[in-house]
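Numbering (UniProt numbering), first residue to last: 1 to 123.
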């Protein structure tokens, strides 16, 4: 497990270097199916997935760019995905998390859901 963490951390450092992003103060937020690192100098997180998931990750990034381009309140990637030898790394805005999530209300999302439901994604 230590090797996986150091490999994913190395991938974040390599991808950050390629994009000119600082990793000073980088800390691991979680290590599970997706390793996530906080990059405090740029208020971002880096998500690390196995290279075998590159096509899937690329589709997710494209979908989120499409959604945010239409005003849907979703997180937008900070940069295109970067592939390293073993991983694909994506960079996102860091939103500090509360200790307890706010209660969900049924009225929070209908306008956005109806907008996306009525819009078709063209391939």
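Beta carbons are placed, not taken as given, at the ideal position from N, Cα and C, and that holds for glycine.
Everything numeric in this text was worked out from a predicted model, so none of it was measured.
Local Cβ density within 10 Å of residue i, reported as buried at 16 or more and exposed below that
i: residue 73; result: exposed
i: residue 35; result: buried
i: residue 90; result: buried
i: residue 94; result: buried
Residue i versus residue j - alpha carbon distance
i: residue 43; j: residue 22; result: 10 Å
i: residue 60; j: residue 76; result: 10 Å
i: residue 68; j: residue 62; result: 10 Å
i: residue 52; j: residue 88; result: 8 Å
i: residue 71; j: residue 48; result: 27 Å
i: residue 45; j: residue 56; result: 19 Å
i: residue 96; j: residue 29; result: 11 Å
Same chain only: Cβ atoms within 6 Å of residue i, ignoring 5 sequence neighbours per side
i: residue 24; result: 41
i: residue 9; result: none
i: residue 19; result: 79
For this session: Could you say if the stretch 75-83 and the stretch 15-34 meet the contact criterion of at least three C-beta pairs nearer than 8 Å?
Result: yes
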